[in-house]
Amino acid sequence: MPKTKTALPPAQNVAPAAPAPAIKKVNLAGIGARASTKTTTTYPVLPDEHGEVAKLVGDILDESDQLDALETSVTIKKAELKGMASAFYFTHHHGLHEIPSSIEARNGERQVLVSFQNRYKVVPDEAPLIALLGEERTARFFRQGFDLKISGDKIPAAVADTLIEGVVALFAEHGASEALTAISGIKPTKEFHTARHSALTVEENAALELVCPIVGMVKTKGRGEDK
Amino acid sequence: MIRGITLARTPSPPLYTYPARPLNGGPLERARPQPGVWAAEPKWNGWRALVHVPSGTLWNRHGKPLTIAPEFESALEILRATLDAEAFKWVDCEALERRHGIGRGTLIVLDVIPAPGAYRDHTPPSYAERRAWLTPLPVPTLTEVKSHTVYLTPSTFDASRPTLPPFPRPDICWGQCRAANAQLGAPLYEGVVMKRVDSLYPIQLRSAEETTPAWVKHRWRF
Numbered sequence: 001m002p003k004t005k006t007a008l009p010p011a012q013n014v015a016p017a018a019p020a021p022a023i024k025k026v027n028l029a030g031i032g033a034r035a036s037t038k039t040t041t042t043y044p045v046l047p048d049e050h051g052e053v054a055k056l057v058g059d060i061l062d063e064s065d066q067l068d069a070l071e072t073s074v075t076i077k078k079a080e081l082k083g084m085a086s087a088f089y090f091t092h093h094h095g096l097h098e099i100p101s102s103i104e105a106r107n108g109e110r111q112v113l114v115s116f117q118n119r120y121k122v123v124p125d126e127a128p129l130i131a132l133l134g135e136e137r138t139a140r141f142f143r144q145g146f147d148l149k150i151s152g153d154k155i156p157a158a159v160a161d162t163l164i165e166g167v168v169a170l171f172a173e174h175g176a177s178e179a180l181t182a183i184s185g186i187k188p189t190k191e192f193h194t195a196r197h198s199a200l201t202v203e204e205n206a207a208l209e210l211v212c213p214i215v216g217m218v219k220t221k222g223r224g225e226d227k
Numbered sequence: 228m229i230r231g232i233t234l235a236r237t238p239s240p241p242l243y244t245y246p247a248r249p250l251n252g253g254p255l256e257r258a259r260p261q262p263g264v265w266a267a268e269p270k271w272n273g274w275r276a277l278v279h280v281p282s283g284t285l286w287n288r289h290g291k292p293l294t295i296a297p298e299f300e301s302a303l304e305i306l307r308a309t310l311d312a313e314a315f316k317w318v319d320c321e322a323l324e325r326r327h328g329i330g331r332g333t334l335i336v337l338d339v340i341p342a343p344g345a346y347r348d349h350t351p352p353s354y355a356e357r358r359a360w361l362t363p364l365p366v367p368t369l370t371e372v373k374s375h376t377v378y379l380t381p382s383t384f385d386a387s388r389p390t391l392p393p394f395p396r397p398d399i400c401w402g403q404c405r406a407a408n409a410q411l412g413a414p415l416y417e418g419v420v421m422k423r424v425d426s427l428y429p430i431q432l433r434s435a436e437e438t439t440p441a442w443v444k445h446r447w448r449f
């Protein structure tokens, strides 16, 4: 429960009145401190001579609201249907060995399929599995899975080839080459994003957009809101 | 469940779960009807904080230590003295700090997270049951939120409680929160969060971004 301050006992001996203060102060005790720490950065504004920008911004915000509402609604209803279908899926197929991948749910002539793929969300720790299934069945049906990620751009260039060749050879030596996959591509250096505005011409930057487009996102959250 | 003593602090354990993250439902006036019974709660403009009551540790919504934790020392002591730290080990809160200057240092209890045993025994409590456990905590009126204390967030589900603001419908809750902001002259509320009354608290350590379809937030544009 919230603590309450102990009331002070009444004074037994009244002390002499204090001398008047040198500076007369206004009592501000009744005014709450409402220091706002809102720090919205000011950005350059896109010119809008013909009102096209305003129309687009209005449409984007309105349609984003509609989209959020519809996406959320569909997500909730799919979760509800999945809950109903999974209960049926386990009772209907109990004891069988040939299990269809989906359950059909109908609305007159229309239908949706609730599919149960061989994909599961990762459990961070086996303790709850052991508690439910016991050690033997947990060991039989579950194993540790992991992905190791190597950030190639963080390996010193001078040793990159040697290091990767070593990793490839190590996996081959243990018969695990299939576990090693690589996705390679060319990505800009850290300083490019800022340096391009001075090191490249406007025309070069525009031309580069066709080859290596900059990622641009239209954010509808956070601007004009209180965060 | 209620114990009026403060237990000695225990060492901080590993994170048990990320705080439940609601879906973004857009403005409430656009929301579509949904199956089931839902309760409406104010959406507080603060910092999400997962509290381990026995140790007094606070995590943010990303599962990292809450950097503003020292601000909540006195609120934590109240929480630890009010709730049985053994029964209520993990509490989901909103921490009010200096964002708008109201209720600074106060913890708003949103939910209590059941222990793993409840899930293993197939008896995890619903929102309605969890909410009932927390009723000894005081519920604030929307415009009177004190600093450095602990409150249970108002909910339409608790309509029988006489101390509650009248929240008969979610749309009224929405309007009341907006009116409270206007009266306070500060954005203490951001909208409402709808919570399905029969839902379980989602325990997961896969991702801080994983949302639950049992909670939906509706924010307004300021």
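Quick note, the sequences are listed as chains A and B, same order. My numbering applies: residue 1 is where the first sequence begins, and numbers increase by one. My numbering applies: residue 228 is where the second sequence begins, and numbers increase by one. For glycine and all other residues, C-beta sits at the position ideal for the given N, C-alpha and C.
Q.
So P367 (chain B) and Y378 (chain B) are supposed to be a Cβ contact under 8 Å. How far apart are they, rounded?
A. 5 Å
Q: Using a Cβ-Cβ cut-off of less than 8 Å, give me the residues of the stretch 275 to 288 of chain B that come near chain A, in sequence order.
A: none
Q: Give me the Cα-Cα distance between L208 (chain A) and D153 (chain A), rounded to the nearest whole angstrom.
A: 21 Å
Q. Which residue's Cα is closest to the Cα of I399 (chain B): B:P414, B:K291 and B:T383?
A. B:T383
Q.
Which residues in chain B have a C-beta closer than 8 Å to the C-beta of V122 (chain A)? List them in chain order.
A. R433
Q) Mind listing which residues of the stretch 60 to 73 of chain A have their C-beta closer than 9 Å to chain B's C-betas, in chain order? A) L61, S64, D65, Q66, L67, D68, A69, L70, E71, T72 and S73
Q: Report all residues from its chain with a CB closer than 8 Å to the CB of L129 (chain A); omit the five preceding and five following residues, and keep chain order.
A: V123, T138 and F142
Q) Nearest chain A C-beta to Q410 (chain B) closer than 8 Å, yes or no? A) no
Q. Helix, strand or coil: how does DSSP classify K77 (chain A) here?
A. helix
Q | Closest residue to L369 (chain B) among B:E417, B:T362 and B:R448 (Cα-Cα distance) | A | B:E417
Q | Ordered list of alpha helix (DSSP H) runs contained in the stretch 129 to 190 of chain A, each at least 4 residues | A | 157 to 173
Q: Starting from the C-beta of H93 (chain A), find all residues in its chain whose C-beta is less than 6 Å away, skip the five residues before and the five after it, and write them out in chain order.
A: I99
**Q.** Between the CA atoms of A435 (chain B) and Y245 (chain B) - distance to the nearest angstrom
**A.** 6 Å
Q) My guess is that A413 (chain B) and I295 (chain B) are in contact by the Cβ rule of under 8 Å, so how many angstroms apart are they, rounded? A) The pair is not a contact, with the Cβ atoms about 18 Å apart (cut-off 8 Å).
**Q.** Closest residue to E268 (chain B) among B:D425, B:Q410, B:Q403 and B:E300 (Cα-Cα distance)
**A.** B:Q403
(Q) Taking DSSP's pairing of strands, which residues face G418 (chain B) in a bridge? (A) B:K270 and B:R446
Q. Rounded to the nearest angstrom, how far is the Cβ of S102 (chain A) from that of F88 (chain A), given a contact under 8 Å?
A. About 12 Å separates the two Cβ atoms, so there is no contact after all.
(Q) Using the Cβ count rule (16 or more neighbours within 10 Å means buried), how would you classify I214 (chain A)? (A) exposed
Q) Within the 8 Å Cβ cut-off, does T91 (chain A) reach chain B? A) no
**Q.** Under 8 Å between C-beta atoms of N287 (chain B) and A302 (chain B)
**A.** no
Q) Would you call H289 (chain B) buried or exposed, if buried means 16 or more other Cβ atoms sit within 10 Å of its Cβ? A) exposed
**Q.** Helix, strand or coil at N107 (chain A) according to DSSP, with G and I counted as helix
**A.** strand
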